Structure formats: C-alpha cells, structure tokens
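Heads up, the thing below is written out as structure tokens.
Written as structure tokens, this is what we have:
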C-alpha cells in the first residue's frame, strides 16, 4: 500500500437522477449503479475527516444532509449515508404509492413543513427555531416522519419494507452525522 493512498471518498451528489438501473448487468438482474462522480472527493487516511463545508464544490439541495449547515463539523462519508437514505425512502414510496405520490406529493409535504418567512425547500431536515449551528438543532421534518408512518400503515408494506423503513429512519436519516451509521455498516 502506498503512503498517502486515497482510500476514502465521498460521492457528494447521491440523488435519483444519479442512480442508473440495468435490467441485466454482469448476470445480475435489476441492478442499480451510482453514477456521476463529478463531485466525488477522494481522501487519504490523514485528510478523510478534515473536509470542511467551504470545500464542498456543489450539492443537490433536496438530498443534502444538515451537515452542510453545522459550524465546525467536518464533512465525512456519512454525508452520502444521509443522501442515500433520502433516495431509499423515495424508492420505498414509489414502490408502495406509485411515482406521482412518491415524487410530487412527498416533495409538496416537505415544502409545507418549512417555517413561515423562510425560503421553502423540499429538504428532509429542518433546524429548530431557524438555528443552523449545532447538530442538536437539526431534526427530521415532521412531514418526513409522518410520511414514513404512512408507508408503515400501507397494507402492501411487507416485513422487509418495514425493516428497510426503520433502517432508513433510525440509522440513515439521523441529523447528527456522528450518530448516523457509517458507510461500512450499510455495505
């Protein structure tokens, strides 16, 4: 192994548009592949936990984690865990409710969850009292929690989907990146 090798990375732009579906890929059916590595950053063991908000070159607003707004919090691979949790939740929604409700209705619900007088965004998180300084101020939007509950109540939600929804809510969509599951636990 070379000293200073870049073994750690962060995709930085996980969203549905960057996930490709292959009907048959290397003899695997219905294979999903993450694409568009334009915002990917690779780091060495020394630099992997030292990426600051100002070093982020771009992001997708909807799927970004609260990490980007918390002062003095380094950006890590857990950034991608949040984004992937958002996408997985949309996948389960699409599967149980269909495209339009999963994409448009869910986004509208998140937009309505913004405090009055702020810029409306369809993010999955909100900062209590408009504060953007500490992890404890970040919360899942109430609309997201209600949406997950709605999916659990769907008569077609199988045991596997219940488990996936719990994984998404309690390990991936955790506002504090230090409490969010690490990428190696999801792999």
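In UniProt numbering, the protein residues as written are 1 to 187.
The beta carbon of each residue, even a glycine, is placed where N, CA and C say it ideally should be.
This one's a predicted model, so the numbers in the text were calculated from it and none came from an experiment.
| request: Could you tell me the distance, in whole angstroms, from the CA atom of residue 16 to the CA atom of residue 155? | output: 25 Å
| task | Write down the C-beta distance between residue 139 and residue 121 rounded to the nearest angstrom, noting that I regard them as a contact closer than 8 Å. | result | About 14 Å separates the two Cβ atoms, so there is no contact after all.
| field | Residue from 109, 34, 165, 141 whose Cα sits closest to the Cα of residue 96 | value | 165
| field | Residue range of the unbroken alpha helix (DSSP H) whose run includes residue 124 | value | No alpha helix (DSSP H) holds residue 124; DSSP gives it neither H nor E.
| request: Mark residue 23 as exposed unless 16 or more other C-beta atoms lie within 10 angstroms of its C-beta, in which case mark it buried. | output: exposed
| query | Is the Cβ-Cβ distance between residue 173 and residue 85 less than 8 Å? | reply | yes
| said: Checking the sheet assignment: what are the DSSP bridge partners for residue 29? | reply: 24.
| said: Please report whether the beta-carbon of residue 123 lies at a distance below 8 Å from any beta-carbon of chain B. | reply: Protein chain content of the structure displayed is limited to a single chain, and chain B is not contained in it.
| Assigned secondary structure, residue 34 (DSSP; H/G/I helix, E/B strand, else coil) | strand
| task | Look up residue 139 in the DSSP assignment and give the residues it is bridged to. | result | 126
| request: Just mark residue 87 as buried or exposed, buried being the case when its beta carbon has 16 or more other beta carbons within 10 Å. | output: buried
| task | Evaluate residue 185 with the Cβ neighbour count: other Cβ atoms within 10 Å of its Cβ, from every protein chain shown; 16 or more gives buried, anything less gives exposed. | result | exposed
| task | Consult DSSP for residue 14 and reduce its assignment to one of helix, strand or coil. | result | coil
| task | Please name the residue in 31, 35, 28 whose C-alpha comes closest to that of residue 18. | result | 35
| task | Given a cut-off of 8 Å, decide if residue 93 and residue 106 are closer than it, judged by their beta-carbon atoms. | result | Yes.
| request: Could you tell me how far apart the beta carbons of residue 82 and residue 109 are, in whole angstroms, since I believe they sit closer than 8 Å? | output: Actually they are not in contact, since the Cβ atoms of residue 82 and residue 109 sit about 19 Å apart, beyond 8 Å.
| message | Between the alpha carbons of residue 150 and residue 163, how many angstroms are there, rounded? | response | 14 Å
| Just checking my contact of residue 124 with residue 144 at CB under 8 Å: how many whole Å lie between their CB atoms? | So it is a contact: roughly 5 Å between Cβ atoms.
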